[in-house]
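To start, the structure itself, in structure tokens.
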Amino acid sequence: MNLNSIKTKLENSTIALSTINNNKPHTIFVLYPKVIDDRIIITDNYMKTTIDNINKNNNICLAFFEGEKGWRINGKAEYHTSGKWLDFVKSLKENNGLPAKGALIINVEEIKELG
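235 is the number that this note's numbering gives to position 97 of the sequence shown; each next residue is one higher, with no gaps.
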């Protein structure tokens, strides 16, 4: 399964984003993920613990569902506070009036269909 086959579903879903630090999981919900090539881009408007965790361990897991079907996406995260990725998230209409202080770029390693 490739990312493009679930792009529309992913971009229109609320997704659970999980990181880990000291063997403890941390999960948040995020809106408006964007898919570009084989990457998922998520805006950091208010993340703190998530970014701290990624700086220590960049393994990340996303999960979302539509109807009775769901998907889990594993990958490696990069965090950008300048450059083209920050410019990209700042330009998104969904971020109008929000801080858009960073861009989380997820390089997808595995996609699994659930349910």
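C-beta: ideal position from N, C-alpha, C; glycine also.
Inter-residue CB distance, residue i and residue j (contact presumed, cutoff 8 angstroms)
{"i": "histidine 218", "j": "isoleucine 198", "result": "No, histidine 218 and isoleucine 198 are not in contact; Cβ-Cβ is about 15 angstroms, not under 8 angstroms."}
{"i": "valine 227", "j": "asparagine 233", "result": "6 angstroms"}
{"i": "lysine 194", "j": "asparagine 159", "result": "6 angstroms"}
{"i": "glutamate 206", "j": "serine 151", "result": "Rounded, the Cβ-Cβ distance is 14 angstroms, inconsistent with contact."}
Residue i in three-state terms, based on DSSP
{"i": "aspartate 175", "result": "coil"}
{"i": "lysine 214", "result": "strand"}
{"i": "leucine 236", "result": "coil"}
{"i": "serine 156", "result": "strand"}
{"i": "leucine 230", "result": "coil"}
{"i": "glutamate 204", "result": "strand"}
C-beta atoms of residue i and residue j nearer than 9 angstroms
{"i": "isoleucine 153", "j": "alanine 241", "result": "no"}
{"i": "lysine 250", "j": "isoleucine 211", "result": "yes"}
{"i": "lysine 231", "j": "aspartate 182", "result": "no"}
{"i": "leucine 141", "j": "aspartate 176", "result": "yes"}
Close-in-space but distant-in-sequence residues of the same chain around residue i (CB under 7 angstroms, 5 per side omitted)
{"i": "glycine 213", "result": "Ile198, Ile244, Asn245, Val246 and Glu247"}
{"i": "threonine 187", "result": "His164"}
{"i": "leucine 236", "result": "Asn183"}
{"i": "tryptophan 223", "result": "Ile179, Ala241 and Ile243"}
{"i": "valine 168", "result": "Ile153, Leu155 and Ile180"}
Nonlocal neighbours in the same chain, by C-beta distance under 6 angstroms from residue i, ignoring five residues either side
{"i": "tyrosine 170", "result": "Glu232"}
{"i": "leucine 200", "result": "Ile153, Leu155 and Ile211"}
{"i": "methionine 139", "result": "Ile249"}
Same chain, Cβ closer than 8 angstroms to residue i, five either side skipped, listed in chain order
{"i": "lysine 185", "result": "The question names lysine, but residue 185 is methionine in the sequence shown. Cβ within range, chain order: Ile166, Gly240 and Leu242."}
{"i": "valine 173", "result": "Leu141, Asn142, Lys145, Leu148, Glu149 and Ile179"}
{"i": "glycine 253", "result": "Phe203, Glu206, Lys207 and Gly208"}
Beta-ladder partner(s) of residue i, from DSSP
{"i": "aspartate 182", "result": "Gly240"}
{"i": "threonine 165", "result": "Ser156"}
Residue i Cβ short of 8 angstroms to the ligand MN heavy atom set
{"i": "tryptophan 223", "result": "As presented, the structure is devoid of all ligands, the ligand MN included, so that no description of it is given."}
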